[in-house]
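Heads up, the thing below is written out as C-alpha cells.
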Amino acid sequence: MLLLVLVELPFYHSSVRLFRIHMKYNLTDLRLFIAIAECRSLTHGAERSFLAPSSASHRIKMLEASLGTVLLHRRSRGVELTRAGEIFLRHARQVFARLEQMHSDLAPFAEGVQGHVRLWANTHAIHSYLPQDLSAFLAQQPQVSVNLEEHTSADILAGVARGDAEIGIIAGYDDYQEVELLPYRADRLVLITAPAHPLAGSTSLAFAQVVSQPFVMLHAGSAIHTFTMNAASNMGTHLNVRVQVNSFEAVCRMVAAGVGIGLVPREAVRLSGHQPLSIIEVADAWAQRDLKICTSRKTPISSFARALVDHLLAE
DNA sequence: ACATCTTACTTCAATAGCGC
DNA sequence: GCGCTATTGAAGTAAGATGT
1 MLLLVLVELP
11 FYHSSVRLFR
21 IHMKYNLTDL
31 RLFIAIAECR
41 SLTHGAERSF
51 LAPSSASHRI
61 KMLEASLGTV
71 LLHRRSRGVE
81 LTRAGEIFLR
91 HARQVFARLE
101 QMHSDLAPFA
111 EGVQGHVRLW
121 ANTHAIHSYL
131 PQDLSAFLAQ
141 QPQVSVNLEE
151 HTSADILAGV
161 ARGDAEIGII
171 AGYDDYQEVE
181 LLPYRADRLV
191 LITAPAHPLA
201 GSTSLAFAQV
211 VSQPFVMLHA
221 GSAIHTFTMN
231 AASNMGTHLN
241 VRVQVNSFEA
251 VCRMVAAGVG
261 IGLVPREAVR
271 LSGHQPLSII
281 EVADAWAQRD
291 LKICTSRKTP
301 ISSFARALVD
311 HLLAE
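Following UniProt numbering, the numbering of the first sequence begins with 1 at its first residue and continues without gaps.
What follows is the structure, given as C-alpha cells:
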C-alpha cells in the first residue's frame, strides 16, 4: 500500500501540481532516510529499517528522483548528506515530530476526554500564573484537555482572531478590534541584578540606562525574548545578550551568580524562590505588563473554553 | 467469485569502487 | 587481495485493479 505523505511541507504550496504528480514517497522512505543520515551509511540505515541494502538504495534513488535533487553523496565508506539532504533530514524529523504531536493530541480522545481547548499564551503567563491555574482547572474538569502553545502577544491576538486558538493570554494591547480583552493578572517587568552588581540598590532605572549591560535572557523564539529585542530595537540599539536559558528560574539563578542582569516579570522573581537578587523598577511605561485574556468576538468558543475563561477570571 | 494483469516492492546475486 | 559499501538487473511476491 502506498501511503502518501500529506503533512504540510514548505514546498507544497508552491508546487501543488508537481507534488501530486511526483511526490510518491512515504513514511517508510522518510524513516529510512533518517536512519541512513544518522548512520552515515546506506547499509546500516537499511539494516536499522529492516530492509536489504539494495532495497534501501532503490528507495533513496526513487526519493531523489521524486524530489528532483540529490540527497546523498555516495562514498566508498558510507554516505554524506548534500545540502539538500540536510534540509530534507530536518523536514523529515519535523514530519515525525508532528505525527507524534498528532498522536499525542488524539490520545486524550481515545482515553475518554470529551473537550479540547486551544490556549495560546505569552512567556510571562506560561511561566508564572498558568501552571497553578491550569492545574486547578484540569483537576476540576478531568474530561477536558488543554493544548497550550507559547507565542508573542501580537501572534496570539492574530491567532485568536483567525480562530487558531480559542483563548489567548497576552500583555499590552488595550484595544484590538477583533477580540474581546478581559483583565487576567497585573504584573510588571523588573530588572534583576546580583546584590554586588554596581546597579544594585537603584530603585528605578530607564531601560535605556541599562541596555548596554550584559543580559541573561530566555532563549530566542520565546515571546519575551522577541518583546525585549524589539524594545531595544525601538531605541535604535541592540541588546547585549550574554547567556540564553530556558526558564525565568534559570534567568534568576544566572543573574544571582553574576553572569549579567535580567528583565523578568516580578511574579517570576517571587516564584524563583530565594535567590539573592536586587530588584529594580523599570521606569518605562511598557514595563507594565498586565496580562489579559482574549477571545474572538466573531467565533463563539466551546463550553469547555468558556469554563476555562471563567476559571481564570475567578482566580 | 474467480482468473488474470499490473504495479510496487523486495531479495538475491553480481559487480564496481575504495581503503587498508 | 580482502573487506566494506553502494549499485544494478533479474526474479519473486503481494495486493489491488480489471475482465469474464
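By construction, the Cβ of each residue, glycine as well, lies at the ideal position given by its N, Cα and C atoms.
Note to self: For the alpha helix (DSSP H) containing Phe137, name the first residue and the last one.
What the structure shows: Leu130 to Gln140
Check: Roughly how far, in whole angstroms, is the beta-carbon of Leu189 from the beta-carbon of Val210, given that I think they are within contact range, below 8 Å?
Finding: Not really, about 12 Å apart at Cβ, beyond 8 Å.
Margin query: Here's a check: name, in chain order, each residue in its chain whose Cβ is nearer than 6 Å to the Cβ of Phe248, leaving out the five neighbours to either side.
Written below: His127, Val264 and Ala268
Checklist line | Three-state secondary structure assigned by DSSP to His311 | finding: helix
Note to self: With the cut-off set at 9 Å, would you say Asn147 and Ala223 are in Cβ contact?
What the structure shows: no
Note to self: For Arg118, count the other beta carbons within 10 Å of its own beta carbon; 16 or more makes it buried, fewer makes it exposed. Which is it?
What the structure shows: buried
Check: Does DSSP put His22 in a helix, in a strand, or in coil?
Finding: Note that His22 scores a pLDDT of 41, beneath 50, so its modelled location is shaky; the value from the coordinates is reported in the next line. In the structure shown, His22 sits in a helix (DSSP, three-state: H, G or I).
Notebook entry, point to check: Any contact of the segment 72 to 79 with the segment 34 to 45, i.e. 3+ C-beta pairs under 8 Å?
Noted result: yes
Notebook entry, point to check: Which runs of the beta strand (DSSP E), 3 residues or longer, sit entirely within the UniProt domain "HTH lysR-type" (25 to 82)?
Noted result: 72 to 75 and 78 to 81
Checklist line | Beta-carbon proximity list for Ala84, same chain, < 8 Å, skipping 5 on both sides | finding: Leu67, Thr69, Val70 and Leu71
Note to self: Which residues does DSSP list as the beta-bridge partners of Ser296?
What the structure shows: Val179
Margin query: At the level of alpha carbons, what is the spacing between Asp133 and Ala107?
Written below: 23 Å
Next item on the list: Give the C-beta separation of Ile261 and His197 to the nearest angstrom, bearing in mind that I take them to be a contact with Cβ-Cβ under 8 Å.
Entry: 7 Å
Checklist line | Length of the line joining the Cα atoms of Val144 and Ile293 | finding: 19 Å
Notebook entry, point to check: Taking the alpha carbon of Ser212 as the point to measure from, which residue in Thr237, His219 and Gln244 has its own alpha carbon closest?
Noted result: Thr237
Notebook entry, point to check: Where do the N-terminal and C-terminal ends of the alpha helix (DSSP H) with Thr193 fall, by residue?
Noted result: Here Thr193 belongs to no alpha helix (DSSP H); instead the beta strand (DSSP E) covers Leu189 to Thr193.
Checklist line | Whole-Å CB distance - Glu178 paired with Ala161, under 8 Å assumed | finding: 4 Å
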